[in-house]
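Participant: Numbering (the UniProt record's numbering), first residue to last: 1 to 155. Beta carbons are placed, not taken as given, at the ideal position from N, Cα and C, and that holds for glycine. The following block contains the structure, expressed as structure tokens.
Written as structure tokens, this is what we have:
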């Protein structure tokens, strides 16, 4: 939840009690952020149930593993996962919850706050946008007359 509130579009959804829209939006943001990390296993922990009448505790969403806490807090699931993880130092925990960050630190897991993650996400989005713009710009750059005629007559 604390990560969803960092994204203005998701915070808006949460403010309008559109929890599923906020969850879907977070997954889309994470998918774009981690699209180049095909070797990473991404686990996302949500508080509560998938839907009010749902019995689903876990599901796969693309390359992501989604977990719902039901009556527990998602924090408990995160701590449980870290306890069972064979090599916690290979995990990255994203949370602003001090208890979770402290627990991850004790296990020597990598950790970042939701605020730091969002800042990194914004930076990467800006770089992607600039790269896409530069690719477009290169395609629209006028070529010289010599380049034109060379492309017409030379193989």
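Is it the case that the Cβ atoms of residue 108 and residue 89 are separated by a distance below 9 Å?
Facilitator: On the chain shown, position 108 is the one that residue 108 refers to. On the chain shown, position 89 is the one that residue 89 refers to. Yes.
Participant: From what residue to what residue does the alpha helix (DSSP H) around residue 68 run?
Facilitator: In the chain shown, the residue the question calls residue 68 occupies position 68. It is not in any alpha helix (DSSP H) - residue 68 instead sits in the beta strand (DSSP E) that spans 64–68.
Participant: Please specify which runs of the alpha helix (DSSP H), each continuous and at least 4 residues long, are wholly inside the segment 13–101, giving them in chain order.
Facilitator: 19–33, 74–84
Participant: Go ahead and label residue 153 buried or exposed: buried means 16 or more other beta carbons lie within 10 angstroms of its beta carbon, across all protein chains shown.
Facilitator: Reading the chain shown from its first residue, position 153 is the one you call residue 153. Exposed, by the Cβ-count rule.
Participant: Could you check if residue 10 is buried or exposed, using at least 16 other CB atoms within 10 Å of its CB as the buried criterion?
Facilitator: Residue numbering aside, residue 10 sits at position 10 when the chain shown is read from its first letter. By the 10 Å Cβ count, residue 10 comes out buried.
Participant: Look up residue 112 in the DSSP assignment and say whether it is helix, strand or coil.
Facilitator: Looking up residue 112 in the chain shown gives position 112. It is a strand residue.
Participant: For residue 1, which three-state DSSP category applies?
Facilitator: If you number the chain shown from 1, residue 1 lands on position 1. In this structure, residue 1 counts as coil in the three-state DSSP scheme.
Participant: Taking 9 Å as the CB-CB cut-off, is residue 8 touching chain C?
Facilitator: Although the question refers to chain C, the structure presented lacks it and comprises just one protein chain.
Participant: Assign residue 10 to one of three DSSP states: helix, strand, or coil.
Facilitator: Counting from 1 along the chain shown, the entry for residue 10 is found at position 10. Helix, per DSSP.
Participant: For residue 154, which of helix, strand or coil comes out of DSSP?
Facilitator: Position 154 of the chain shown, counted from the start, is the residue given in the question as residue 154. Looking at residue 154 - three-state DSSP - the assignment turns out to be coil, as it is neither helix nor strand.
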